[in-house]
Amino acid sequence: MKERIIGIDIARALAVIGMIIVNFKIVLGENGLSWVKSFASAFDGKAAATFVVLAGVGLALMTNSALKNKDSQKLKTARIKIAKRALFLFIVGLSYIVIWPADILHFYGVYMLVILLLLTSNEKTILISVIALILLYPLLIGFWNYETGWNFDTLDYLDFWTFNGFFRNLFFNGFHPVIPWTAFMLFGFWFGKQDLKSDQFIKKAFWISSIAFVVIQILSHLSISFLSEGNEQTANELAEIIGTNPMPPLPIYLFNGIAISISIISACIIIGKRFSTNKILLALNKTGQLALTFYVAHVIIGMGIIDAINPEKMGNYPIEFSVGYALLFSLLCVLFAVFWLKNRENGPIEWIMKKIIG
155 MKERIIGIDI ARALAVIGMI IVNFKIVLGE NGLSWVKSFA SAFDGKAAAT FVVLAGVGLA
215 LMTNSALKNK DSQKLKTARI KIAKRALFLF IVGLSYIVIW PADILHFYGV YMLVILLLLT
275 SNEKTILISV IALILLYPLL IGFWNYETGW NFDTLDYLDF WTFNGFFRNL FFNGFHPVIP
335 WTAFMLFGFW FGKQDLKSDQ FIKKAFWISS IAFVVIQILS HLSISFLSEG NEQTANELAE
395 IIGTNPMPPL PIYLFNGIAI SISIISACII IGKRFSTNKI LLALNKTGQL ALTFYVAHVI
455 IGMGIIDAIN PEKMGNYPIE FSVGYALLFS LLCVLFAVFW LKNRENGPIE WIMKKIIG
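All residue numbers for the sequence shown refer to the numbering used here, where the first residue is 155 and numbers rise by one.
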C-alpha cells in the first residue's frame, strides 16, 4: 500500500496492548480484586484473535494490487516475500519458546503458508475455507483427546520437543493451533480484499460484527445458565463447549473472535479517518507499526525484568500489579514508538526482518 490506513495500525496497537495485559496476567499472577481480574479477562482470546485477523488484512493489502492487475511478476515477488516472512516468524517464535511457551509467532508462520496456498482463490473459496476450518475442529476433538500432552495446572506441554508432541501442539492443541486458528487470518485476508476506504462498507461491517458479537455473548451466557441449572461444575464444563473461551478453540469462540476483531478494526478505521490529526491516535498509529517489536519485547524485556528481580514470585503477584505493570509497559511502548519513528521507517525487529527478507 502506498498510503497506509491509519485505523489498521491503531487496531494493531490496541491488539498488542490487549495481548500484553493478558500475557502479564497469566505469567505474573491473577489473584486479587475481582473487577481488575474481569477487566484483564475481557481481553482473553480477543486480543490475539484481532492480532491474527489484522495479519490477514495486511497480507491482502500487500497483494491486492498484483492480484487485481494479474501481474504475475509482482505476485511471484509477493509469494516469495510472504514465504520468507513466514519462515522468519516461525524461527523467531521458536527461538524463545523455552521462556515463553504461549508464543504465537511460530503459529503465524504456518498460518501464512496456508494463505499462500489460497492466495489466488476467489472470495467465496476463502470464506468456505474459513468455515471448514472452524467446523473441522470439533470433529478432530471427537477423534483425539484435547488434553494430551498438557499439564493444565502449570500450563506446561510435556512432550513439546518430540516429533509427535510438536506436530500435535502446532496443529491441534497448542495455545493457537493451526486448525482452527488459521481461520482468523483467512477471514482477515478476505476482509482486506474489500474496499476498506468505503465509509459505507466499514460502517456496515462495524454494525454487523458488533451485533453478532453481542448476540453470541448473550446466547452463550444464557445457554450455559439454562443448561447448568445453577450447578457450578456443570457450568464450567459447558463453558468449555459453548462458552467463548479460547481453549479449546471451538466454533462459538472462533465466530465470537471474528466478530469482535472486525468490530474493533472497523471502529478503528472510522475513528482514525475522522480524527486523523489526534495526537493520541497518531501515537497509537506509530505503536501499531512496531507491533512485532513490542510483541517480542513484552516477553524478553517486560517479563524478563520481573523474572530477573524475583523469579520465585513469578505467578504469585496480585492482579493489580500484573495489570498496572502491563499498562505501564504499554505506555512505554507508545512513547518509544513515537520517539523511534521520528527518524526511522521501521521498528528494530521489523528492520531486521526487512533486511533478511529483502
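Quick reminder that beta carbons are idealized off the backbone N, C-alpha and C, glycines included.
Verify whether the separation of the beta carbon atoms of Ala393 and Leu444 is less than 8 angstroms.
Start at 1 with the first residue of the sequence shown, and residue 393 comes out as number 239. Start at 1 with the first residue of the sequence shown, and residue 444 comes out as number 290. Ala393 places its beta carbon 8 angstroms or farther from that of Leu444.
By Cβ distance, which residues of its chain are closer than 6 angstroms to Phe338, with the 5 residues on each side in sequence left out?
To locate residue 338, count along the sequence shown from 1; it is residue 184. Cβ within range, chain order: Ala203, Val206, Val207.
Return the CA-CA distance between Tyr471 and Ser275, expressed in angstroms with no decimal places.
The residue given as residue 471 occupies position 317 in the sequence shown. The residue given as residue 275 occupies position 121 in the sequence shown. Our two residues, Tyr471 and Ser275, have alpha carbons roughly 48 angstroms apart in a direct line.
For Met507 and Phe242, I'd like the C-alpha separation in whole angstroms.
Along the sequence shown, read from residue 1 onward, the residue named residue 507 stands at position 353. Along the sequence shown, read from residue 1 onward, the residue named residue 242 stands at position 88. In a straight line, the C-alpha of Met507 is about 7 angstroms away from that of Phe242.
What would DSSP say about Asp461, mapped onto helix, strand or coil?
The residue labelled residue 461 in the question sits at position 307 within the sequence shown. Collapsing the DSSP output to three states places Asp461 in a helix.
Give me the Cα-Cα distance between Gly183 and Met468, rounded to the nearest whole angstrom.
In the sequence shown, residue 183 corresponds to position 29, counting from 1. In the sequence shown, residue 468 corresponds to position 314, counting from 1. Rounded to whole angstroms, Gly183 to Met468 spans 7 angstroms at the Cα level.
The region 330–345 / the region 415–432 touching (three or more Cβ pairs under 8 angstroms):
Result yes; three or more Cβ-Cβ pairs closer than 8 angstroms.
Give the straight-line distance between the Cα atoms of Ile370 and Lys509, rounded to the nearest whole angstrom.
Numbered from 1 along the sequence shown, position 216 holds the residue referred to as residue 370. Numbered from 1 along the sequence shown, position 355 holds the residue referred to as residue 509. Near 43 angstroms, if we compare the C-alpha coordinates of Lys509 and Ile370.
Determine whether the beta carbon atoms of Tyr300 and Asn327 lie at a separation below 8 angstroms.
In the sequence shown, counting from the first residue as 1, residue 300 sits at position 146. In the sequence shown, counting from the first residue as 1, residue 327 sits at position 173. For Tyr300 and Asn327, yes; Cβs fall inside 8 angstroms.
Secondary structure of Asn500, DSSP reduced to three states
Here residue 500 refers to the residue found at position 346 when the sequence shown is read from its first residue. Here Asn500 carries a coil assignment [DSSP, helix/strand/coil].
Distance, Glu391 Cα to Ser379 Cα:
For the purposes of this step, residue 379 is identified with residue 225 of the sequence shown, where counting begins at 1. For the purposes of this step, residue 391 is identified with residue 237 of the sequence shown, where counting begins at 1. About 12 angstroms.
By how many angstroms is the C-alpha of Lys179 removed from the C-alpha of Gly296?
On the sequence shown, residue 296 is found 142 positions in, with the first residue counted as 1. On the sequence shown, residue 179 is found 25 positions in, with the first residue counted as 1. Lys179 has its alpha-carbon roughly 31 angstroms from the corresponding atom of Gly296.
Against chain C, with Cβ distances strictly below 8 angstroms, would Cys487 count as a contact?
The structure shown has no chain C; it contains just one protein chain.
From Gly263 to Val211, what distance separates their C-alpha atoms?
Here residue 263 is taken as the residue at index 109 of the sequence shown, counted from 1. Here residue 211 is taken as the residue at index 57 of the sequence shown, counted from 1. When only Cα atoms are considered, Gly263 and Val211 end up about 15 angstroms apart.
How far does the alpha helix (DSSP H) with Arg239 in it reach, from first residue to last?
Here residue 239 corresponds to residue number 85 of the sequence shown, with the count starting at 1. 226–249 is the span of the alpha helix (DSSP H), which, as asked, contains Arg239.
According to DSSP, is Asp310 part of a helix, a strand, or is it coil?
Within the sequence shown, numbered from 1, the residue matching residue 310 stands at position 156. DSSP places Asp310 in strand when its eight states are reduced to three.
Beta-ladder partner(s) of Pro472, from DSSP
Residue 472 sits at position 318 when you count from the first residue of the sequence shown. DSSP, once it has assigned bridges, lists Asn185 as partnering Pro472.
Counterpart residues of Trp304 in DSSP-defined beta bridges:
Taking the sequence shown and counting its residues from 1, one reaches residue 304 at position 150. Trp304 is bridged to Tyr311.
Helix, strand or coil, according to DSSP, for Met155 in the structure here?
For this step, residue 155 is matched to residue 1 along the sequence shown. Reliability of the predicted coordinates at Met155 is poor, the pLDDT of 42 falling under 50, and no value is obtained from them.
So, with DSSP's three-state summary, where would you put Gly199?
Reading the sequence shown from its first residue, position 45 is the one you call residue 199. DSSP places Gly199 outside both helix and strand once states are collapsed to three, so it counts as coil.
Inter-residue CB distance, Leu309 and Pro255 (contact presumed, cutoff 8 angstroms):
Indexing the sequence shown from 1 puts residue 309 at position 155. Indexing the sequence shown from 1 puts residue 255 at position 101. Correct: roughly 7 angstroms between the Cβ atoms.
In chain order, what residues of the same chain lie with their CB nearer than 7 angstroms to the CB of Phe320, ignoring the 5 residues before and after it?
Counting from 1 along the sequence shown, the entry for residue 320 is found at position 166. Contacts found: Phe314.
Enumerate, from N- to C-terminal direction, the unbroken beta strand (DSSP E) stretches of 3 or more residues contained entirely within the region 295–382.
Counting whole runs of 3 or more residues, the region 295–382 contains no beta strand (DSSP E) stretch at all.
Of the residues Ser476, Asn399, Phe360, Ala220, the one placed nearest His330, counting alpha carbons only
Here residue 330 refers to the residue found at position 176 when the sequence shown is read from its first residue. In this structure, Asn399 is the residue among Ser476, Asn399, Phe360, Ala220 with its C-alpha nearest to the C-alpha of His330.
Neighbourhood of Leu187 by C-beta distance below 7 angstroms, restricted to the same chain and skipping five residues each side
On the sequence shown, position 33 is the one that residue 187 refers to. Answer for Leu187: Ile473, Glu474, listed in chain order.
Span separating the alpha-carbon of Pro405 from that of Tyr479
Here residue 405 is taken as the residue at index 251 of the sequence shown, counted from 1. Here residue 479 is taken as the residue at index 325 of the sequence shown, counted from 1. Pro405 and Tyr479 have their C-alpha atoms some 33 angstroms from each other.
Is the region 416–432 in contact with the region 354–363, if contact means three or more CB pairs nearer than 8 angstroms?
Counting Cβ pairs under 8 angstroms, three or more are found: they touch.
Give the single residue among Glu383, Gln227, Ala437 whose Cα lies nearest to the Cα of Gly161.
As a working mapping, residue 161 is identified with position 7 in the sequence shown. Put simply, of Glu383, Gln227, Ala437 the residue whose alpha carbon is nearest the alpha carbon of Gly161 is Ala437.
Indicate whether Thr528 and Tyr265 have their beta-carbon atoms separated by less than 8 angstroms.
For residue 528 there is no data in the structure shown, the boundaries of the chain being 155 and 512.
What is the rounded straight-line gap between the Cα of Asn439 and the Cα of Trp505?
Numbered from 1 along the sequence shown, position 285 holds the residue referred to as residue 439. Numbered from 1 along the sequence shown, position 351 holds the residue referred to as residue 505. Just so you know, the alpha carbons of Asn439 and Trp505 end up roughly 18 angstroms apart.
Since Ile269 and Ile234 should fall inside the 8 angstroms C-beta cutoff, what is the C-beta to C-beta distance between them, to a whole number of angstroms?
Numbered from 1 along the sequence shown, position 115 holds the residue referred to as residue 269. Numbered from 1 along the sequence shown, position 80 holds the residue referred to as residue 234. Not quite, the Cβ-Cβ distance comes to about 14 angstroms (not below 8 angstroms), so this is no contact.
For Ser420, the nearest candidate out of Lys222, Ser352, Leu446 (CA to CA):
Looking up residue 420 in the sequence shown gives position 266. In terms of Cα proximity to Ser420, the closest of Lys222, Ser352, Leu446 is Ser352.
Extent of the continuous alpha helix (DSSP H) run through Pro405:
For this step, residue 405 is matched to residue 251 along the sequence shown. Segment 405–428, the alpha helix (DSSP H) holding Pro405.
What is the rounded straight-line gap between the Cα of Ala462 and the Cα of Ile455?
Taking the first residue of the sequence shown as position 1, residue 462 is located at position 308. Taking the first residue of the sequence shown as position 1, residue 455 is located at position 301. Cα to Cα, Ala462 sits roughly 10 angstroms from Ile455.
If you check the beta carbons only, do Gly303 and Arg322 fall under 8 angstroms apart?
If you number the sequence shown from 1, residue 303 lands on position 149. If you number the sequence shown from 1, residue 322 lands on position 168. For Gly303 and Arg322, yes; Cβs fall inside 8 angstroms.
Buried or exposed (CB count within 10 angstroms, at least 16 for buried), Val181:
Looking up residue 181 in the sequence shown gives position 27. Result: buried.
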